[in-house]
Structure formats: structure tokens, C-alpha cells
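A.B. asks: Before I ask anything, here is the structure I am working with.
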Amino acid sequence: MTRTRIRSFLASTLVALACLGLPQAHAAARPLAAAFMAPPLEGQLNVNAASTEQWEMLPGIGPVTAARILDYVAQHPVKHTSQLMRIKGIGRKTYDRIKPFLVIEGDTNLRIASPQLGDGTASPAATS
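Here you go:
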């Protein structure tokens, strides 16, 4: 009788554990939700003249890193964008993600890109 109870308990425990693992395996197969993906950007950001808010538009740059960048730029005007990797919080991966938007001269005109239709025109929702 005791053996039957132990086997029954072990079997039900294994079934319960297997069921717990199923949602996780299914969730891992799904792509990331659009809400967690960075919006597409267009334009450029002048490293020596950008504001905190403008820095925070870039992927991987939050308020703390933006403040560190502004402190660094105030003390060391940037002559090459790779100098940003000297700042804590900006490693190679972050730098590679933001590099296409960085300039040393010119205006900052970084903005969220307008959604494009298949024919290359902006969608009506984006223009209204």
C-alpha cells in the first residue's frame, strides 16, 4: 500500500513538473513583443551638443549613461566617436548599435523614423 502511494505521488509530481516546463518552452520560441524593441531611428546626433533626452533616444542609453556622457563631453570634447567607449556603460556592443547615428559636427536631428509602406511612401497614419 505504501509503495503504491509513493509511486502515485512521484508520478503526479513528475507530471506537474512537466506541465510547469511547457509554458516556458513555448514562451522562449515566441519573438520579442514589439513593445520591447527599440523604435527605428533616423537622423544624426552631434556627440558634443546633444541633450540628455536626445542621448536617451539611442538604444542602450538610459538616464544614468546619458548623464555620464554629458559629464565626459563637458570635460573632454569628443574628436572621434570611439572615445565614448571610455565611458562606463558604453562597451563595444552598445557603441556598435549607436555608432550609425553619431556625428562630431553638424546639427542633431535624431528622431523616430516614420513607418514606410511597401512603395517607400510614409503611411497615412504617420503623416496625420
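Using our numbering, the final residue of the sequence shown is 206, and nothing's skipped along the way.
In this text, a Cβ means the ideal position worked out from N, Cα and C, and glycines have one as well.
Bear in mind that the values here come from a model prediction, so they are computed numbers and not experimental data.
(1) Using the beta-carbon count (16 or more within 10 Å), is Q132 buried or exposed?
(2) Have a look at P137, S129, N126 and flag the residue whose alpha-carbon is nearest the alpha-carbon of P117.
(3) In three-state terms, what does DSSP make of L188?
(4) On the DSSP bridge list, what partners appear for L123?
(5) Measure the alpha-carbon distance for E183 versus I165 and round it to whole angstroms.
(6) Helix, strand or coil, according to DSSP, for M163 in the structure here?
C.D. replies: Based on what the coordinates show:
(1) buried
(2) P137
(3) coil
(4) L180
(5) 20 Å
(6) helix
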